[in-house]
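For the sequence shown, counting from 1, position 44 maps to 37 in my numbering; every step adds exactly one. All C-beta atoms in this analysis are idealised placements derived from N, C-alpha and C, irrespective of residue type, glycine included. The block underneath contains the structure these notes are about, expressed in structure tokens.
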Amino acid sequence: MIITLRSDATPDFIQIVLDVAARYDGVQPRKYEFQGANGAATEVHLLGDTSQVPDKAFQVLPGVRRVVRVSSKYRIIGRHGQADAEVGFEYNGVKFDESEVLVFAGLCAVDTRESVESMMQLLQKNGLTTTRMGAYKPRTSPYDFQGFGADCLPMVFELAGKYGIKVVAMEVCDARHIDEILAALETTGNPTGVMLQIGTRNTQNFELLKQVGQQALLPVLVKRGMGITLEESLNACEYVATEGQPNMVFCLRGVKSHLGDPHRNLVDFAHVPVVRSQTRMPVCIDPSHSVGRFHFAPDGLPEAYHATGMGVVAGASMVLVDFHPNPAAALCDGPQALTPEYLPGFLAYIKQMRAAYEAVVQAGPIAH
Ligand code: PEP
Ligand code: MN
């Protein structure tokens, strides 16, 4: 059971709600604060058996906005049938709230200072304030480049600040990486923000999920596990949320299957509306790791554009995409990176796909 309070709820009122809930045997009340895109929201969750708790006990209280009966599945991240549920959050001046499509374009793996700087310069020139920069790379082979780790963080954060980048999406594979990122942000004077990324290989690394959830400073991008069900991947988000960090975006990136050949993964963007109806998370798509190659269709557009269009037309509100100024020299995933000259066209393409999405939603499913 979730009691959503009005935005002007005072600490005294929140305590009253907690006290009322605690009167019922076997019920443990717990308070959650969500920094929603439209302001802060407080919820009191009643854990345990709530079958004896009448909705009315809370509905009569003046500061209660609504009382929702929830299934135990996705208790915190779930939408629980609320069409008008608050979706998203704001972080470091960037709204992750589905009102537009955020584009996180950048390097799969940080390599040289020159690559990072030319990438950031390109983003600024194109009006973007969000990027991706991999410092910790989980690789299939121990002989492959594993990322420059903590050594490259000050350089990346300083350059991000220099070019007005507000959020850098960055994968972490171990709790130590979170500490290193927080330390580097502090020593560089917080010139930018970081969104912690859980990679597809770690979607069931439960201890890492808990540790990412235990920090409240940085929002989290959880990638779909490549070989597990959607439900199992969404449970990863519930793990992060139960530890205290509800500010998450869920990222579809394709699933591993030879049925996706010749693509790296089988594109799963038909799940965008599924995730949106089951949860309160904005949905991101990663066309680069889904398609896995830079290849033109006969219509002249790269396949990664088409994959992006599918996700955006289905309601995705964030795109994580690999770019590299010189893919041949990239230390990881060069063959799937788009090159700088495509960025303006890619952004224009996304705008058109978003406009198509908004138009079809406005028109509704039945032609008039
Ligand atoms: C990445 O985004 O750099 C990455 C490794 O993606 P995934 O975890 O989806 O393979
Ligand atoms: Mn990659």
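For secondary structure counted as the alpha helix (DSSP H) over 4 or more consecutive residues, the segment 79 to 155 holds these complete runs in sequence order: 106 to 118, 146 to 155. Residues close to the ligand MN by the beta carbon criterion (under 6 Å to any non-hydrogen atom) are, from first to last along the chain, Cys101, His282, Cys325, Asp326.
Every beta strand (DSSP E) stretch that sits fully inside the segment 220 to 259 and reaches 3 residues is listed by chain position as 241 to 245. If you draw a straight line from the Cα of Ala34 to the Cα of Arg273, it comes to about 13 Å. Residue ranges of uninterrupted alpha helix (DSSP H) with 4 or more members, entirely inside the segment 290 to 358 and ordered along the chain, are 296 to 306, 336 to 356.
At a cut-off of 8 Å, the beta-carbon of Cys230 does not count as near the ligand PEP: no heavy atom of the ligand is closer than that. Remark: the C-beta of Glu164 is in contact range of the ligand PEP, defined as less than 8 Å to any heavy atom. Residue pairing of Thr35 in beta bridges, as defined by DSSP: Glu26. At a Cβ-Cβ threshold of 9 Å, Val267 and Gly247 do not count as neighbours. In this structure, Pro131 has its CB closer than 8 Å to one or more heavy atoms of the ligand PEP. Judged by their CB atoms, Leu121 and Ile158 are nearer to each other than the 9 Å cut-off. Comparing alpha-carbon positions, the option among Val314, Gly206, Gly192 lying closest to Tyr298 turns out to be Val314.
Cβ neighbours of Val306 within its own chain (closer than 7 Å, five residues either side excluded): Met346, Ala349, Tyr350. Between Glu236 and Lys203 the beta-carbon gap is near 5 Å, inside 8 Å, which marks them as a contact.
Setting aside the 5 residues that flank it on each side, His170 is surrounded in the same chain by Tyr129, each with a C-beta closer than 6 Å to its C-beta; the list follows chain order. Rounded to whole angstroms, the separation of the alpha carbons of Asp104 and Glu36 is 43 Å.
In this structure, Gly127 lies near Cys325, with their beta-carbon atoms less than 9 Å apart.
Under the 8 Å Cβ criterion, the segment 189 to 197 counts as touching the segment 211 to 231, having at least three qualifying pairs. The DSSP-derived three-state label of Ala162 is strand. Bounds of the alpha helix (DSSP H) holding Thr180 are 168 to 180.
No Cβ-Cβ contact shorter than 9 Å links Gln8 with Phe82. The C-beta separation of Leu201 from Asp167 comes to about 7 Å, placing the pair in contact by the 8 Å criterion.
In the displayed model, Gln45 falls within coil according to three-state DSSP, outside both helix and strand. Under DSSP, Lys216 takes part in a beta bridge, and its partners are Cys244.
Of the candidates Gln52, Gln45, Pro47, Gln52 places its Cα closest to the Cα of Leu(-2). Listed in chain order, the non-local C-beta contacts of Gly41 below 7 Å within the same chain comprise Gly19, Val20, Gln21, local neighbours out to five positions each way being set aside.
A distance criterion of 8 Å places the beta-carbon of Asp279 in contact range of the ligand PEP, judged by its closest non-hydrogen atom. Thr196 sits in coil when the DSSP states are folded into three classes, being neither helix nor strand.
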